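Remarks on the structure that follows.
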Amino acid sequence: MIKDLIMSSNYSLLQSIVTISFVALFVGMLIWINRKGSDSYYKKAQNLALEEGVKNGKK
Amino acid sequence: MNEVKMEKFTYDENLPKLFVFATLIWGFVALLLGVTVAFQLASWKVNMGMEWTTFGRLRPLHTNAAIFAFVGNAMFAGIYYSTQRLVKARLFSDFLGKIHFWGWQLIIVAAAITLPLGISQAKEYAELEWPIDIAIAVVWIIFAVNFFGTLAKRREKHIYVSIWFYIATIITVALLHVVNAISLPVDLMKSYPVYAGVQDALVQWWYGHNAVAFFLTTPFLGLMYYFIPKAVNRPVYSYRLSIIHFWSLVFIYIWAGPHHLLNTAVPDWVQTTGMVFSIMLWMPSWGGMINGLLTLRGAWDKVRTDPVLKFLATSVTFYGMATFEGPLLAIKSVSAMAHYTDWIVGHVHSGTIGWNYMMISGILYYLVPKMYETKLHSVKLANTQFWLATIGLLLYMMSMWTAGITQSLMWSAIDETGKLVYPNFIETVVRIVPMYWVRAIGGVLVLTGFVLMIYNLIMTIKKSKGIQELEYMAPPADHSHEEANATKHRKLEGMTTVFSILTFLAVLVGGVVEIVPSLVSDKFVERDAEIKPYSPLELIGRDIFIKEGCYTCHSQQVRPMADEILRYGPASRASESVYDRPFQWGSRRIGPDIARVGGKYNDMWHYRHMLNPREVTPKSIMPIYPWLFKKKYNLKSLPKKLKVMKALGVPYSEEEIASSINDAGKQAFEITKGLSADGVAMKMQSMEIIPLIAYLQRLGVDGARSLRLQKEKAENEENNDD
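Chains B and Y are the protein sequences, given in the same order. Residue numbering for the first sequence follows the working numbering, starting at 110 and increasing by one per position. Residue numbering for the second sequence follows the working numbering, starting at 34 and increasing by one per position.
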């Protein structure tokens, strides 16, 4: 059945749907990461590499 | 006001240290092997006349050592060091960490023993036989348990972008390895893949390309996002950009595999998809490179003096160059020129040396003094290594560009009468041998630099006045409830499992769309009744071909370009490799394509060629294979081999399996009888050279017959119509 489905599928329509979905997904991601009020959140996140806990001396 | 309760904890420093030592040892081995195979191409005598040291056996060892031993150990060192700090928690299990370390080293040793012995699956970067493949899967699962276990006990709720890249690496490498390695064993050291021909090619290059993507790239992007900010003591330039970088890269990269198969017999739509997605890769790759370089803003003056920054900045720059060149090479018309040439070899090394070697050196120069609480022994030596590696790499890349473009232009040169200007393949080889010397010298410089680093780091460790375990404090992460004002993304990032599943789906979709149709449907891989399975003796010969790593120099795929058709014959069709397990299309033509070599020369030519290639092809750079004339081939395992092939769908009858030993003996007798006219002793019929000749003489014969019959049929129909 899967074989029949693959062989009879209309690929040109599928290609258009996939292309539009991918572009929409990417544009959506761009809009979303620049959403209002996210500045402080990203500022905190980007500093994580510089933290490693408070040093409490030698054990 | 509530006082925040702090928890005390330590980091496991021993495990990253062990992986650092392994990186230094295996890095030296991988580079030494690289230099050795480079000299073997410059002078065939460097093959040393021994079966364990030929190019065909050492080249897979070099690639495996470079990818899995050198880069692999460095990756584990960096991941274990940074993950603990990013989540503010000690490793989930020190014990699992040790099993991971020793298990991985045992796998490398197993590879170092089996590959020179010729025990190989003959699939690039996936040559290791099935028991080692299982060991890799087990050790990888142990790594995953330890990694995700550490995330589960983290004190930092947010998962920093480096860890996203590590998660993508762990999930995708597991997926690629398991799918590509599925095979049916004949015995402990021999198996045949479940895929054949086009299907095997698609799965292998889906794996092969993404081994580059998810073993050499994504983990090192994670390390870049950790170690560059650490080294310059400032945050990553844009965290937003890193999010776009991550999702676009993991989603797009997985689709790009078929660019290794452009102009071959794989379906056109798969080739086009691979090419388009490869070009799309420009965006995320350069987004990442820009993010890495701009993190260095304000610290450029330090790049001049600090070896850590010098290596890291150069590494990211080479990443940019390699990821610009990669999509360019993936354009079908550029690939037509570059594929099978040294241009690709140069491109690969701009990534592995320029990106990985440089990044690893920067990380090691940062890590070792820090972990041993001392200063680097010699900045001067580190700078010397930097210039040796940079000049060595530039020599390497420029010589390979020159060699690749020169040879490709010579291959495709056709005169005004429609004939090849350079019909003898060897003419195109002789012309580029000087470039092989330049490449080898470049490799020596890179290796010398690495030796300096080993010395420098050992001296640094010696300077250490003893290390006491440091204790850290951080507030516990509260996993009992979500933060009241958490955004959707914040919640998603807090859910490691959901995040991992989304990453898995992002990488799965490309593989499924490109590979599954060809696996389940005959629509994309045509059948041809004239293409018959190999005879028992030819099958033995094919296994010898695989054992000797002949695919490292000879392709078996004629592309549909005028010069290739003139030189080799009609373009290869998908139907012609339906019984090829594994497929042997190759990726480089150090020697000519042999897809249609069957019947081109007589048996005696092949006999003399394997004994001394220069006797039949003056100036050939191929090694000699005297052991093929002294070693008897194994007939006993033949029925089992045919049974396994039958189980995989090759139409051998029970009678053929039962009589396989006799049939092989008869064919060997006939071939040797023919050779005896030229003085070859009949006792030679049981030596490995005979099945190898049988196999080589079969290549392309069925395809040629099929084309001839099709032509005759068409002519008859035309005559009848008249």
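We treat Cβ as the ideally placed atom computed from N, Cα and C, and that holds for glycine. Here the structure is a predicted model, which means the values were calculated and not measured.
Chain-ordered, the chain Y residues with CB closer than 8 Å to the CB of B:Leu157 read Leu119, Glu189, His191 and Tyr193. A distance below 8 Å separates the beta carbons of Y:Gly151 and Y:Arg90.
Of the residues Y:Val178, Y:His210, Y:Tyr199 and Y:Met83, the one whose Cα lies closest to the Cα of Y:Pro149 is Y:Met83. In this structure, Y:Gly130 places its C-beta atom within 8 Å of the C-beta atom of Y:Leu48. At a Cβ-Cβ threshold of 8 Å, Y:Gly321 and Y:Gly379 do not count as neighbours. Using a CB distance cut-off of 8 Å, Y:Pro268 counts as an interface residue toward chain B. If you look at Y:Tyr505, you'll find it in the beta strand (DSSP E) that goes Leu503 to Ala507. Between Y:Leu729 and Y:Asn106, the alpha-carbon positions lie close to 40 Å from each other.
Against chain Y, the beta carbon of B:Lys164 has neighbours under 9 Å at Leu503, Glu504, Tyr505 and Met506, listed in chain order. With a cutoff of 8 Å on beta-carbon distance, Y:His382 and Y:Tyr352 are scored as not near each other. Around the CB of Y:Trp137, 16 or more other CB atoms lie within 10 Å, so the residue is classed as buried. Proximity of chain Y to B:Ile142 at the Cβ level (cut-off 8 Å) is accounted for by Arg273, Ile276 and Ile277, in chain order. Under the Cβ criterion (8 Å, minimum of three pairs), the stretch 393 to 405 of chain Y does not count as touching the stretch 358 to 372 of chain Y. Taking 8 Å as the cut-off, the beta carbon of Y:Val172 is found closer than this to the beta carbon of Y:Ile140. Contact of Y:Tyr258 with chain B by beta-carbon distance below 8 Å involves Ala158. Within the stretch 152 to 232 of chain Y, the runs of beta strand (DSSP E) that reach at least 3 residues and sit entirely inside it are, in chain order, 216 to 220 and 223 to 226. When DSSP states are grouped into helix, strand and coil, Y:Asn753 belongs to the helix group. Shown here for Y:Val734: same chain residues with a beta carbon closer than 7 Å to its own, the five before and five after excluded, namely Gly631 and Gly632 in chain order. In chain order, Ile447 place their CB closer than 7 Å to the CB of Y:Ala595, counting only its own chain and leaving out the 5 sequence neighbours on each side. Here the stretch 616 to 628 of chain Y does not lie against the stretch 676 to 684 of chain Y, with fewer than 3 beta-carbon pairs under 8 Å apart. According to the DSSP secondary-structure assignment, Y:Ile447 is paired through a beta bridge with Y:Leu453. For Y:Glu460, the uninterrupted alpha helix (DSSP H) run begins and ends at Phe458 to Lys496, by DSSP. Beta bridge pairing from DSSP links Y:Lys41 with Y:Met506.
In this structure, the straight-line span from the alpha carbon of Y:Leu740 to that of Y:Lys746 is close to 10 Å. For Y:Asp576, the closest of Y:Ile723, Y:Val206 and Y:Ala510 by C-alpha to C-alpha distance is Y:Ile723. By the criterion of a C-beta distance shorter than 7 Å, Y:Asn243 is surrounded in its chain by Thr205, Leu209, Tyr286, Ile287 and Gly290, once the five residues flanking it on both sides are discounted. By the Cβ-count criterion, Y:Met108 is buried, with 16 or more other Cβ atoms from all chains shown falling within 10 Å of its own Cβ.
Here Y:Tyr113 carries a helix assignment [DSSP, helix/strand/coil]. Sequence-distant Cβ neighbours of Y:Thr439 in its own chain, meaning closer than 7 Å and more than five residues away, are Arg464 and Ile465.
Uninterrupted alpha helix (DSSP H) stretches at least 4 residues long and entirely within the stretch 291 to 318 of chain Y occur at 301 to 313, given in chain order. Just measuring C-alpha positions, the residue of Y:Gln154, Y:Met313 and Y:His191 sitting nearest Y:Met222 is Y:Gln154. Annotation: Y:Tyr685 is outside any alpha helix (DSSP H) and is labelled neither H nor E by DSSP. One Cα belongs to Y:Phe88, the other to Y:Val611, and the distance between them is close to 28 Å.
For Y:Trp280, at least one C-beta of chain B is nearer than 8 Å to its own C-beta. Here Y:Ile548 really is in contact with Y:Leu235; their C-beta atoms are around 5 Å apart, less than 8 Å.
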